[in-house]
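**Student:** One structure, as structure tokens, below. Some questions next.
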Amino acid sequence: MSELQGLVLKNYNGYYYVQVGEVTYTCKVKGKMKQNRFSLATGDQVLLEPGEQKGACAYEGMIKKVLPRKNFLPRPIMANLDLFVVTFACATPDFSFLLADKLLALAELAQIPSILVLNKLDQAPAGLVDEVRAVYEPLGYKVFAISAQSGTGVAALREHLKGKICAFGGPSGVGKSSTINAIDSKVDLRTGEVSEKIGRGKHTTRFAQLLPFDEGYIADTPGFGNLLLEGMEQEQAVAAFREFAQYEGGCRFCPCSHTHEPVCGVKEAVAAGQIAASRYESYLAMLEEIRLLKEKEGRK
Ligand code: ZN
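If you count by my numbering, then the sequence shown holds residues 11 to 310, one letter each, in order.
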């Protein structure tokens, strides 16, 4: 039988769910591929060999090959994202410039375009939305201030997500699920349905799941925890701040960490207000966190 190309929607109980046109195939992978931890991710395009059809809606298959990825997010593992939607609340919990910069950094390093969503607009402290816009919009990050509850701003966000494979990331309590529901009430975020069908009991997965939405897909990503920067190198932190590069010509040393070096174009740009102070503070905090993580690793 000829091979089919499909999109991996999720991994669940040892099976991969692969969308081919209107049909979802429940797939196993070839033995050799299982040995590689990152051999398959949500969002992968794969070639599968369909098996014998067992019932009217039971399509099974064997995944033979993963097609080349355009990008890859290691945690949670996802491939081929068109957009990373960094989601925060304006209040409860408060917006965190540091956490926003960490999430944007992960996407930047994975070469995934990102936007910022600020939910709970009705609770925003005076000036917050303007402050966030002033920092991120000049860098090319679009900022969408919305209220999932009242619907303010949701239409513009929906329009921007249309037709894309999007992953939502952000701290818990910011209203990611209600934002996704406000965008499309048909997107069903509930899990556990599959486990009932295949009778294996409840099972929580750390895999992100792609849900169909307006000719594209949406994924709510599982919690990022405290390990956001694990495995990141100092040079990567530099590269994750897209606005630094244009000022590095002014650094005496190459590479420059933009910290203790006496002549540094980046530090000058911060002093002159050309680079936002909050971004530079996030950068320093991330360097310190990377250093501590490495120290911990070294002690093991
Ligand atoms: Zn420098």
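Cβ coordinates follow ideal geometry from the N, Cα and C atoms, glycine included.
1) What residue range is occupied by the uninterrupted beta strand (DSSP E) comprising T34?
2) Can you tell me the Cα-Cα spacing of E298 and G226, whole angstroms?
3) Suppose the cutoff is 6 Å on Cβ atoms and the five residues either side in sequence are ignored; what does the same chain contact list for V30 look like?
4) Could you check if P264 is buried or exposed, using at least 16 other CB atoms within 10 Å of its CB as the buried criterion?
5) Suppose the cutoff is 7 Å on Cβ atoms and the five residues either side in sequence are ignored; what does the same chain contact list for I208 look like?
6) Within a Cβ cutoff of 7 Å, which residues of the same chain sit near Y26, ignoring the five residues on either side of it in sequence?
7) I need the residues with a C-beta less than 5 Å from some heavy atom of the ligand ZN; please give them in chain order.
8) CA-CA distance, V153 and N191?
9) Output needed for G65: all residues of its chain with C-beta closer than 8 Å, excluding positions within five of it in sequence on either side, in chain order.
10) So what does DSSP say about A136, is it helix, strand or coil?
11) Give the single residue among P86, N90, G71 whose Cα lies nearest to the Cα of K80.
12) Are the CB atoms of C100 and L131 within a distance shorter than 8 Å?
13) So for T201, helix, strand or coil by DSSP?
14) Answer yes or no: do D54 and V33 have a C-beta to C-beta separation smaller than 8 Å?
15) Could you tell me how far apart the beta carbons of D197 and L221 are, in whole angstroms, since I believe they sit closer than 8 Å?
16) Given R168, which residues of its chain have a CB within under 6 Å of its CB, disregarding the five upstream and five downstream residues?
**Tutor:** For this structure:
1) Locating residue 34 in the sequence shown gives position 24, where the first residue counts as 1. In the DSSP assignment, T34 falls within the beta strand (DSSP E) that extends over 33 to 39.
2) Taking the sequence shown and counting its residues from 1, the one referred to as residue 298 is at position 288. Taking the sequence shown and counting its residues from 1, the one referred to as residue 226 is at position 216. Straight-line Cα distance between these residues: approximately 38 Å.
3) The residue you call residue 30 lines up with position 20 of the sequence shown. Excluding positions up to five away in sequence, the list reads L14, G16.
4) Counting from one through the sequence shown, the residue named residue 264 turns up at place 254. Here the sequence assigns Cys to residue 264, which means Pro is not the residue at that position. Residue environment: C264 is assigned as exposed (fewer than 16 neighbouring CB atoms within 10 Å of its CB, all protein chains considered).
5) The sequence position of residue 208 within the sequence shown is 198, counting from 1. Model confidence at I208 stands at a pLDDT of 39, short of 50, so the residue's coordinates are unreliable; what they give is reported in the following sentence. Answer for I208: N23, listed in chain order.
6) As a first step, residue 26 is located in the sequence shown; it is residue number 16 there, counting from the start. Annotation for Y26: V18, C37, V39, L50, I73 place their beta carbon closer than 7 Å to its own, counting only its chain and skipping 5 residues before and after.
7) Listed along the chain, these residues meet the criterion: C261, C266, H268, C274, V276.
8) For the purposes of this step, residue 153 is identified with residue 143 of the sequence shown, where counting begins at 1. For the purposes of this step, residue 191 is identified with residue 181 of the sequence shown, where counting begins at 1. About 19 Å.
9) Position 55 of the sequence shown, counting from 1, holds the residue named residue 65. No residues qualify anywhere along the chain.
10) By one-based count along the sequence shown, residue 136 stands at place 126. If DSSP states are grouped into helix, strand and coil, A136 belongs with coil.
11) As a first step, residue 80 must be located in the sequence shown, where it is residue number 70. The residue with the shortest Cα to Cα distance from K80 is N90.
12) Working through the sequence shown from its first residue, we reach residue 131 at position 121. Working through the sequence shown from its first residue, we reach residue 100 at position 90. Yes, the Cβ-Cβ distance between L131 and C100 is below 8 Å.
13) As a first step, residue 201 is located in the sequence shown; it is residue number 191 there, counting from the start. Bear in mind that a pLDDT of 41 at T201, under 50, signals an unreliable position, so the number given afterwards is only what the model happens to contain. It is coil, neither helix nor strand.
14) Looking up residue 54 in the sequence shown gives position 44. Looking up residue 33 in the sequence shown gives position 23. Taking a C-beta distance under 8 Å as the contact criterion, D54 and V33 do not qualify as a contact pair.
15) Position 187 of the sequence shown, counting from 1, holds the residue named residue 197. Position 211 of the sequence shown, counting from 1, holds the residue named residue 221. Looking at the sequence shown, residue 197 is not Asp but Val. With a Cβ gap of about 5 Å, V197 and L221 count as contacting.
16) Position 158 of the sequence shown holds residue 168. Excluding positions up to five away in sequence, the list reads I193.
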